[in-house]
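Peer 1: Going letter by letter, the sequence shown gives residues 1 to 669 in UniProt numbering.
Glycine included, each C-beta is placed from N, C-alpha and C at the ideal position.
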Amino acid sequence: MTFITVASATLPSVPLDFQGNLQRILESIRLAKAQGARLRTGPELEVPGYGCLDHHLEGDTFFHSWEVVAQILNDPVTKDMLVDVGMGVRHRNVRYNCRILLTYQKIFFIRPKMSLANDGLYREARHFTAWVKPRTVETYYLEQIIRDITGQKTVPIGDAVLSTLDTSVGCETCEELFTPLNPSTHMGLNGVEVIVNSSASHAELRKLNTRLSLIQNCTRKLGGIYIYANATGVDGEARMMFDGSSMILSNGRVMNQSAQYSLKPVEVITATIDLEEVRSYRSSISRNVQGAAQPDYPRIDCDLCLSCPADEVLLSNTLQLSREISLQILDPMEEIYRAEAAFLWQYLTRSNAAGYFLALSGGLDSATVALFVFGMAKVVLDSINSGDSNTLADLRRITGEPTLTVKTPQDIVKRLLHTCYMAAQHSGDLTRSRSRRLAESIGGYHSDVNIDGTVAAHEKIVEQALNFKPRFQVEGGSRAENLAKQNIQARNRMVIAYEMAQLSTTARKLPRAGASLLVMSSANVDEALRGYLTKYDCSSGDIAPLGSISKSDARAFLAWAREKWDMPIITEFIDARPTAELLPLSAGEQDDESEAEMGLTYDELSTFGVLRKVEKLGPWSCYLRLLIEWQDRPGFGPQQVATKVQRFFRYYPDWGLPSMDEMLWAWFM
Numbered sequence: 001m002t003f004i005t006v007a008s009a010t011l012p013s014v015p016l017d018f019q020g021n022l023q024r025i026l027e028s029i030r031l032a033k034a035q036g037a038r039l040r041t042g043p044e045l046e047v048p049g050y051g052c053l054d055h056h057l058e059g060d061t062f063f064h065s066w067e068v069v070a071q072i073l074n075d076p077v078t079k080d081m082l083v084d085v086g087m088g089v090r091h092r093n094v095r096y097n098c099r100i101l102l103t104y105q106k107i108f109f110i111r112p113k114m115s116l117a118n119d120g121l122y123r124e125a126r127h128f129t130a131w132v133k134p135r136t137v138e139t140y141y142l143e144q145i146i147r148d149i150t151g152q153k154t155v156p157i158g159d160a161v162l163s164t165l166d167t168s169v170g171c172e173t174c175e176e177l178f179t180p181l182n183p184s185t186h187m188g189l190n191g192v193e194v195i196v197n198s199s200a201s202h203a204e205l206r207k208l209n210t211r212l213s214l215i216q217n218c219t220r221k222l223g224g225i226y227i228y229a230n231a232t233g234v235d236g237e238a239r240m241m242f243d244g245s246s247m248i249l250s251n252g253r254v255m256n257q258s259a260q261y262s263l264k265p266v267e268v269i270t271a272t273i274d275l276e277e278v279r280s281y282r283s284s285i286s287r288n289v290q291g292a293a294q295p296d297y298p299r300i301d302c303d304l305c306l307s308c309p310a311d312e313v314l315l316s317n318t319l320q321l322s323r324e325i326s327l328q329i330l331d332p333m334e335e336i337y338r339a340e341a342a343f344l345w346q347y348l349t350r351s352n353a354a355g356y357f358l359a360l361s362g363g364l365d366s367a368t369v370a371l372f373v374f375g376m377a378k379v380v381l382d383s384i385n386s387g388d389s390n391t392l393a394d395l396r397r398i399t400g401e402p403t404l405t406v407k408t409p410q411d412i413v414k415r416l417l418h419t420c421y422m423a424a425q426h427s428g429d430l431t432r433s434r435s436r437r438l439a440e441s442i443g444g445y446h447s448d449v450n451i452d453g454t455v456a457a458h459e460k461i462v463e464q465a466l467n468f469k470p471r472f473q474v475e476g477g478s479r480a481e482n483l484a485k486q487n488i489q490a491r492n493r494m495v496i497a498y499e500m501a502q503l504s505t506t507a508r509k510l511p512r513a514g515a516s517l518l519v520m521s522s523a524n525v526d527e528a529l530r531g532y533l534t535k536y537d538c539s540s541g542d543i544a545p546l547g548s549i550s551k552s553d554a555r556a557f558l559a560w561a562r563e564k565w566d567m568p569i570i571t572e573f574i575d576a577r578p579t580a581e582l583l584p585l586s587a588g589e590q591d592d593e594s595e596a597e598m599g600l601t602y603d604e605l606s607t608f609g610v611l612r613k614v615e616k617l618g619p620w621s622c623y624l625r626l627l628i629e630w631q632d633r634p635g636f637g638p639q640q641v642a643t644k645v646q647r648f649f650r651y652y653p654d655w656g657l658p659s660m661d662e663m664l665w666a667w668f669m
């Protein structure tokens with residue numbers, strides 16, 4: 001038996017926080033070593049932070065990254081450890097996204113990424129170049145700061161594998177796993193027994209299933225140990241978030257998994273595995289025939305022994321042979337809850353704001369956003385109760401209360417969320433009551449203001465400037481006048497929201513008086529896609545928690561929260577008839593999000609969104625697809641389908657695109 005203990009570190013990707021990233025990397029190495037690991041890998045570009053954007057192009061970023069590596073090399077914690085860290089490297093004036101495999105005062109080699117992520121949210125090719133020379137190494141001339149520590153002048157750089165005294169290690173970086181001919185396939189056939197994958201894979205509903213199936217497929221066919229390390233936290237643009245959930249697999253079996261959407265600044269998982277199991281697993285004749293035909297990889301010698309004797313494991317009080325576990329995969333609503341909680345908390349802790357401000361209208365969308373904040377408070381409280389001193393320290397810093405203790409989520413919400421019902425002359429008592437009671441149930445600081453004065457003042461200015469007084473349609477006005485009269489009410493709410501967010505901490509005499517609140521948007525993705533919104537109203541703000549979630553998913557989340565959190569008041573928001581309350585009562589009942597007015601239901605909008613963006617179908621292809629998918633719908637013949645398709649694609653460029661240009665960025669989920 002040949003036992004090896006390996007570690008995967010989950011760390012937040014904090015762009016340009018070189019000192020903080022250094023401390024987190026070193027702490028992860030300490031934790032790994034304390035658990036008996038002799039191999040540690042971490043997330044992609046963990047030294048400078050993945051989301052540095054165009055800072056990846058700057059010489060300073062490379063310089064400071066090497067300074068961090070120098071301190072890692074010189075720290076005794078790396079003795080007898082094989083450490084894999086990620087950073088950008090300039091080789092022959094070409095920028096590469098690299099892994100650096102090192103130990104105490106020695107670098108073994110540099111492995112550049114061979115397939116860059118350049119689809120969807122990713123644009124790595126803007127900042128780096130893929131290594132396009134398979135199974136080839138070149139000579140990299142080390143910086144002086146590294147030479148002074150290691151005594152090395154050069155190290156190999158390229159597509160190679162590391163041969164230790166007892167096994168072999170290969171690198172695969174994030175996107176490479178998702179390619180048809182992923183490197184670990186060739187490495188596995190070439191006899192590499194341990195694969196490390198350093199990733200910055202963004203959070204997306206059900207994406208964990210995809211990662212797991214890809215890794216399991218590789219290791220089930222080839223055998224081997226696969227160490228997957230993913231980043232966590234908000235990226236540099238706050239347009240996506242990394243969800244962690246690092247994993248260690250052996251021969252297709254999950255041996256350990258870190259938490260998904262964790263608030264911990266450092267989380268390390270380990271697994272102790274018998275290498276002989278890998279070697280026995282690879283005994284199939286068909287696999288060996290293909291392996292024998294493989295071209296050789298350049299091998300970099302490493303004078304480390306990663307395994308330990310069997311008796312050391314058997315007699316150890318800390319090391320135990322790992323057993324297969326069941327992967328923890330969240331259901332979609334639980335994932336929305338935890339993802340939103342982690343995003344809101346990490347965005348708040350990095351922004352140095354004093355909390356959030358939300359215009360609470362009494363409708364479904366703003367109620368959903370308020371419950372996201374309540375969910376954040378629940379996750380923060382759980383983290384504090386589990387003994388995470390970092391979360392408590394962050395809460396005390398944000399609130400300005402150095403000795404703060406909290407016992408309920410409401411204790412947190414009342415310090416971090418200010419809600420406001422902004423009434424106008426057409427507002428109703430039901431929406432006012434729902435807003436107040438929801439705020440009370442989650443613990444928010446709630447206020448109620450009337451905005452008629454500001455609306456009247458704006459209308460007076462326009463009337464004087466144009467010598468024209470607009471009227472509602474029920475009063476004899478045109479459609480354009482009717483829209484203008486409604487929009488001026490909505491836009492004034494945004495202006496008031498920002499002023500209240502700036503002055504609330506001062507007016508309430510809070511410990512951090514003078515610090516601003518972050519204004520929360522409550523627009524959903526369907527409204528953006530259709531362009532069914534008022535520019536610069538609730539669709540505007542500093543942060544858009546609902547911006548990538550559909551109306552149907554928001555409704556499903558409310559139903560889930562009602563049951564899980566025992567909040568019967570949520571039923572009122574689910575059952576309430578949507579109304580913007582922007583028209584006179586004489587206009588009769590008006591739907592604020594009228595599917596009849598749009599000519600498309602919210603479910604249909606979601607369908608069109610998937611067909612256009614995900615499946616990349618144009619109008620004609622959408623029509624052909626929907627003829628089949630909707631053929632069983634009553635009253636839906638070719639003409640009805642054509643009308644729906646025409647309506648969507650007419651409104652999408654005319655209304656949707658201009659509205660999306662003005663919409664606040666939403667983090668992708």
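What's the gap between the Cα of residue 29 and the Cα of residue 82?
Peer 2: Taking the straight line from one Cα to the other gives about 10 Å.
Peer 1: Runs of 4 residues minimum, wholly inside the stretch 362 to 420: which ones carry the alpha helix (DSSP H) assignment?
Peer 2: Segments of the alpha helix (DSSP H) lying fully in the stretch 362 to 420: 364 to 385, 389 to 399, 409 to 416.
Peer 1: Evaluate contact between the stretch 252 to 268 and the stretch 371 to 390, counting only Cβ atoms and requiring at least three cross-stretch pairs below 8 Å.
Peer 2: Enough Cβ pairs lie closer than 8 Å, so yes.
Peer 1: Could you work out which residue in 3, 634, 666 is closest to residue 316 when comparing CA atoms only?
Peer 2: That would be 3, whose Cα lies nearest to the Cα of residue 316.
Peer 1: Return helix, strand or coil for residue 452, following the three-state DSSP convention.
Peer 2: Helix at residue 452.
Peer 1: With a threshold of 6 Å on Cβ separation, who are the neighbours of residue 650 within its own chain once the five nearest residues in sequence on each side are excluded?
Peer 2: Closer than 6 Å at Cβ, skipping near neighbours: no residue.
Peer 1: Closer than 8 Å by C-beta to residue 432: which residues in its own chain qualify, once you throw out the five before and the five after it? Chain order, please.
Peer 2: Excluding sequence neighbours, residue 432 sits near 362, 421, 423, 448.
Peer 1: If you pair each beta-carbon of the stretch 280 to 291 with each one of the stretch 326 to 344, do three or more pairs fall below 8 Å?
Peer 2: With a cut-off of 8 Å, the stretch 326 to 344 and the stretch 280 to 291 do not count as touching, because too few Cβ pairs lie within range.
Peer 1: According to DSSP, simplified to helix, strand and coil, what is residue 445?
Peer 2: Looking at residue 445 - three-state DSSP - the assignment turns out to be strand.
Peer 1: Starting from residue 67, follow the alpha helix (DSSP H) in both directions and report where the run begins and ends.
Peer 2: Start and end: 59 to 73.
Peer 1: Compute the distance between the beta-carbons of residue 70 and residue 149, then report whether it is under 8 Å.
Peer 2: Contact: yes.
Peer 1: Can you tell me whether DSSP reads residue 514 as helix, strand or coil?
Peer 2: Residue 514: coil per DSSP, three-state reduction.
Peer 1: Counting only runs that start and end within the stretch 471 to 537, where is the alpha helix (DSSP H) found for 4 or more residues in a row?
Peer 2: Correct list: 479 to 507, 525 to 530.
Peer 1: Using C-beta distances below 6 Å, list every residue in its chain close to residue 7, excluding the 5 sequence neighbours before and after it, in chain order.
Peer 2: Contacts found: 32, 37, 40, 268, 270.
Peer 1: Alpha carbon to alpha carbon, what distance is there between residue 527 and residue 477?
Peer 2: Their Cα atoms are separated by approximately 26 Å.
Peer 1: Roughly how far, in whole angstroms, is the beta-carbon of residue 504 from the beta-carbon of residue 418, given that I think they are within contact range, below 8 Å?
Peer 2: Yes, they are in contact, since the Cβ atoms of residue 504 and residue 418 sit about 5 Å apart, within 8 Å.
Peer 1: Identify the continuous alpha helix (DSSP H) that holds residue 349 and give its terminal residues.
Peer 2: Note, residue 349: alpha helix (DSSP H), 332 to 351.
Peer 1: Leaving aside the five residues before and after residue 18 along the sequence, list all residues of the same chain whose C-beta is less than 6 Å from its C-beta, in chain order.
Peer 2: Contacts found: 64, 68.
Peer 1: Do the CB positions of residue 543 and residue 567 come within less than 8 Å of each other?
Peer 2: Not closer than 8 Å, so no.
Peer 1: Whose CA, out of 235, 168, 252, lies closest to the CA of residue 244?
Peer 2: Nearest option by C-alpha distance: 235.
Peer 1: Counting only the same chain and skipping the five closest in sequence on each side, list residues whose C-beta sits under 6 Å from that of residue 377.
Peer 2: 409, 412, 413.
Peer 1: Just the Cα atoms here: how many angstroms apart are residue 428 and residue 537?
Peer 2: Cα-Cα distance, rounded: 19 Å.
Peer 1: In the DSSP output, which residue or residues are listed as bridge partners for residue 305?
Peer 2: According to DSSP, residue 305 bridges with nothing at all.
Peer 1: If you draw a straight line from the C-alpha of residue 529 to the C-alpha of residue 62, how long is it?
Peer 2: Answer to the nearest angstrom: the Cα atoms are 40 Å apart.
Peer 1: Considering only residues of the same chain and omitting the five flanking positions on each side of residue 52, which have a CB-CB separation below 7 Å?
Peer 2: If we look at residue 52 and ignore the five residues flanking it on each side, its Cβ neighbours are 15, 16, 61, 236.
Peer 1: Cβ of residue 155 within 8 Å of Cβ of residue 142?
Peer 2: Closer than 8 Å, so yes.
Peer 1: Which complete beta strand (DSSP E) runs does the stretch 189 to 238 hold, if anything under 3 residues is left out?
Peer 2: The qualifying runs are 194 to 199, 225 to 230, 232 to 234.
Peer 1: I need the straight-line Cα distance from residue 202 to residue 242, nearest angstrom please.
Peer 2: Straight-line Cα distance between these residues: approximately 4 Å.
Peer 1: Could you give the DSSP three-state label for residue 257: helix, strand or coil?
Peer 2: Looking at residue 257 - three-state DSSP - the assignment turns out to be strand.
Peer 1: Measuring CA to CA, which of 50, 250, 229 is closest to residue 321?
Peer 2: Considering only alpha carbons, the answer is 250.
Peer 1: Hey, could you find the ends of the beta strand (DSSP E) residue 697 is sitting in?
Peer 2: Outside the displayed span of the chain (1 to 669) sits residue 697, for which this structure offers no information.
Peer 1: My understanding is that residue 294 touches residue 189, with C-beta atoms under 8 Å, so please give their C-beta distance in whole angstroms.
Peer 2: The pair is a contact, with the Cβ atoms about 5 Å apart (cut-off 8 Å).
Peer 1: Less than 8 Å between the C-beta atoms of residue 353 and residue 483, yes or no?
Peer 2: Against a cut-off of 8 Å, the Cβ pair of residue 483 and residue 353 comes out as no contact.
Peer 1: What is the DSSP secondary structure of residue 668, reduced to helix, strand or coil?
Peer 2: Three-state result, residue 668: coil.
Peer 1: Excluding the 5 residues preceding and the 5 following residue 112 in the sequence, name in chain order all residues of the same chain whose CB lies nearer than 6 Å to its CB.
Peer 2: Cβ neighbours of residue 112 beyond the five flanking positions: 96, 98, 131.
Peer 1: So within the stretch 97 to 144, which uninterrupted beta strand (DSSP E) runs reach at least 3 residues, ignoring any that extend past its ends?
Peer 2: Listed in chain order, the complete beta strand (DSSP E) runs (minimum 3 residues) inside the stretch 97 to 144 are 106 to 112, 137 to 141.
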